[in-house]
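Student: Number 35 in full-length UniProt numbering belongs to position 35 of the sequence shown; there are no gaps in the numbering.
Idealized CB from N, CA, C, for every residue including glycine.
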Amino acid sequence: MLRNTGGRSSDDVEQEKGENVTVALLEVEKLSKSYGSNTAVAEVGFHIDKGETYGLLGPNGAGKSTTISIIAGVLKADSGSVRIDGQEHGVSNAATKGQIGFVPQELALYPDLNAWDNLMFFARLYGLSGAKARSRCGEILEIIDLTDRAKENVSTFSGGMSRRLNIGVGMLNRPRLLILDEPAVGVDAQSRNAILESIQRQAADGVSVLYTTHYMEEAERLCDRVGIIDSGRIQAEGTQRELISQVGEDDTIVLSLGGGKDRAVRALKELSEVREVSVEGSEVRLLLKDARSVIARILEVVTASEAVLRSVEVQEPDLEAVFLHLTGKALRE
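1. Name the one or two DSSP bridge partners that V226 has.
2. Name the DSSP beta bridge partners of residue 355, please?
3. Which same chain residues end up closer than 7 Å to residue 353 when comparing Cβ atoms and leaving out the 5 residues on each side of it in sequence?
4. Assign K33 to one of three DSSP states: helix, strand, or coil.
5. Going by Cα to Cα distance, which pick from N166, G98, I70 and S69 is closest to A115?
6. Where R176 and K151 are concerned, what is the direct C-alpha to C-alpha distance, given to the nearest angstrom?
7. For R119, report the span of its alpha helix (DSSP H) as first-last.
8. Going straight from the alpha carbon of D197 to that of D262, what length do you get?
9. Within its chain, find whatever has a CB closer than 8 Å to the CB of S10; leave out the 5 residues flanking it on each side and keep chain order.
10. Is the separation between the beta-carbon of Y211 and that of Y54 shorter than 9 Å?
11. Label P111 either buried or exposed according to how many other C-beta atoms from any shown protein chain fall within 10 Å of its C-beta, with 16 as the threshold for buried.
12. Sorted by chain position, which residues of the same chain lie with C-beta nearer than 6 Å to E313's C-beta, five sequence neighbours on each side aside?
13. Can I68 and L56 be called in contact, C-beta distance under 9 Å?
14. Whole angstroms is fine: what's the gap from E16's alpha carbon to R225's?
15. Please state whether the Cβ-Cβ distance between G159 and D181 is less than 9 Å.
16. Per the DSSP calculation, D181 is bridged to which residue(s)?
17. I think A304 touches G259, with their Cβ atoms under 8 Å apart; what is that distance to the nearest whole Å?
18. How would you write the range of the alpha helix (DSSP H) that residue 343 sits in, first residue to last?
19. Just to confirm, is the Cβ distance from A72 to K97 under 9 Å?
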């Protein structure tokens with residue numbers, strides 16, 4: 001089921017507590033923020049369960065950075081609320097802020113220091129010192145795969161290495177909620193993969209993750225659930241399959257057929273599961289709701305018609321298609 005995008009009310013949360021229902025680690029309710037006459041965020045609401053990875057997917061300027069800056073406690077909302085494990089959270093609440101690791105899109109590193117010294121500096125800001133600080137910095141270097149570059153100045157790092165170190169700083173305090181603002185933007189494919197792997201390892205260790213991106217592939221790879229955000233509002237949220245089901249996008253089966261194609265097409269048009277059949281040359285395209293549940297039946301019909309099957313491909317709609325359907329525009333224009 002898709003949840004109400006406005007978030008649950010305070011009464012709902014209190015009722016859940018009374019019923020011994022586990023409270024979400026992060027609860028966001030009706031956040032709004034304006035700059036003059038420009039509305040950056042309008043009544044944004046969602047939740048993240050413990051150990052869940054939640055993605056905010058939307059184009060540049062959609063309100064992602066404003067939303068997570070409020071959640072991270074570095075920006076004050078005009079209205080709305082944020083709770084961390086049931087506690088009210090804001091810019092002045094040190095207890096809840098200590099449970100958050102925030103990785104902004106802008107690099108927060110000292111280029112004239114090496115990777116180790118950068119980590120040790122920020123570890124001290126988190127209240128770590130001595131053996132505990134050294135141990136945690138060593139763990140972080142392993143997580144972000146920079147152990148062998150620990151003594152090299154950050155000014156010599158590639159963009160991807162710097163971004164990995166930036167993420168490492170956000171992990172130093174062992175956060176329960178890790179917030180990342182487009183951490184893989186502008187890096188090469190190898191660095192992007194390394195960044196995503198480090199985030200997946202944190203999620204596997206039970207850390208809740210809030211991840212913003214305008215790359216559909218990242219959201220599909222990382223996120224348990226996704227909120228589609230545009231013009232400062234969450235348009236829809238859910239798992240990938242829930243979102244696709246909500247907007248009614250069809251699956252496509254593409255068949256490449258040789259001899260006997262016409263017989264196969266006539267038979268395929270008789271199937272109740274097939275919504276539409278189109279033919280272009282040797283290619284036959286079938287539109288239907290759940291391709292994987294009927295693919296065996298499709299192949300039986302083709303075989304029975306004695307058509308020559310050269311290839312078959314199942315194409316399922318993705319989050320890019322969902323975003324286009326909901327907003328009328330592409331994620332990256």
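Tutor: Reading off the structure:
1. As a working mapping, residue 226 is identified with position 226 in the sequence shown. When beta bridges are read from the DSSP output, V226 appears opposite G55 and G238.
2. The chain is shown only over 1 to 333; residue 355 falls outside these bounds and no answer can be derived.
3. For the chain, the structure presents residues 1 to 333; residue 353 sits outside this window and is missing.
4. Looking up residue 33 in the sequence shown gives position 33. Per DSSP, reduced to three states, the secondary structure at K33 is strand.
5. Along the sequence shown, read from residue 1 onward, the residue named residue 115 stands at position 115. Closest option to A115, Cα to Cα, is N166.
6. Stepping through the sequence shown from its first residue, residue 176 is reached at position 176. Stepping through the sequence shown from its first residue, residue 151 is reached at position 151. So the two alpha carbons sit approximately 29 Å from each other.
7. Position 119 of the sequence shown holds residue 119. The amino acid occupying residue 119 in the given sequence is Leu; Arg does not appear at that position. From DSSP, the alpha helix (DSSP H) with L119 extends over A115 to L125.
8. Here the question's residue 197 lines up with position 197 in the sequence shown. Here the question's residue 262 lines up with position 262 in the sequence shown. Sequence check: residue 197 is Glu here, not Asp. If I take the Cα positions, the gap works out to 48 Å.
9. Start at 1 with the first residue of the sequence shown, and residue 10 comes out as number 10. Because S10 sits at a pLDDT of 45, beneath the cut-off of 50, its placement in the model cannot be relied upon, and the following sentence gives the value as read from the coordinates. The beta carbon of S10 sits closer than 8 Å to those of E29 and S81, all from its chain and outside the five residues before and after it, given in chain order.
10. To locate residue 211, count along the sequence shown from 1; it is residue 211. To locate residue 54, count along the sequence shown from 1; it is residue 54. A contact, by the Cβ cut-off of 9 Å.
11. Start at 1 with the first residue of the sequence shown, and residue 111 comes out as number 111. That one is exposed.
12. To locate residue 313, count along the sequence shown from 1; it is residue 313. The residues are V254.
13. Here residue 68 refers to the residue found at position 68 when the sequence shown is read from its first residue. Here residue 56 refers to the residue found at position 56 when the sequence shown is read from its first residue. A distance below 9 Å separates the beta carbons of I68 and L56.
14. Within the sequence shown, numbered from 1, the residue matching residue 16 stands at position 16. Within the sequence shown, numbered from 1, the residue matching residue 225 stands at position 225. For E16, the predicted model reports a pLDDT of 45, less than 50, meaning its position is unreliable and no value from the coordinates is stated.
15. The residue given as residue 159 occupies position 159 in the sequence shown. The residue given as residue 181 occupies position 181 in the sequence shown. Cβ atoms of G159 and D181: not closer than 9 Å.
16. To locate residue 181, count along the sequence shown from 1; it is residue 181. Looking at the DSSP assignment, D181 forms a beta bridge with T212.
17. Indexing the sequence shown from 1 puts residue 304 at position 304. Indexing the sequence shown from 1 puts residue 259 at position 259. 14 Å between Cβ atoms; not a contact.
18. This structure cannot speak to residue 343, because the chain is shown only from 1 to 333.
19. Locating residue 72 in the sequence shown gives position 72, counting from the first residue. Locating residue 97 in the sequence shown gives position 97, counting from the first residue. Yes, Cβ-Cβ distance for A72 and K97 is below 9 Å.
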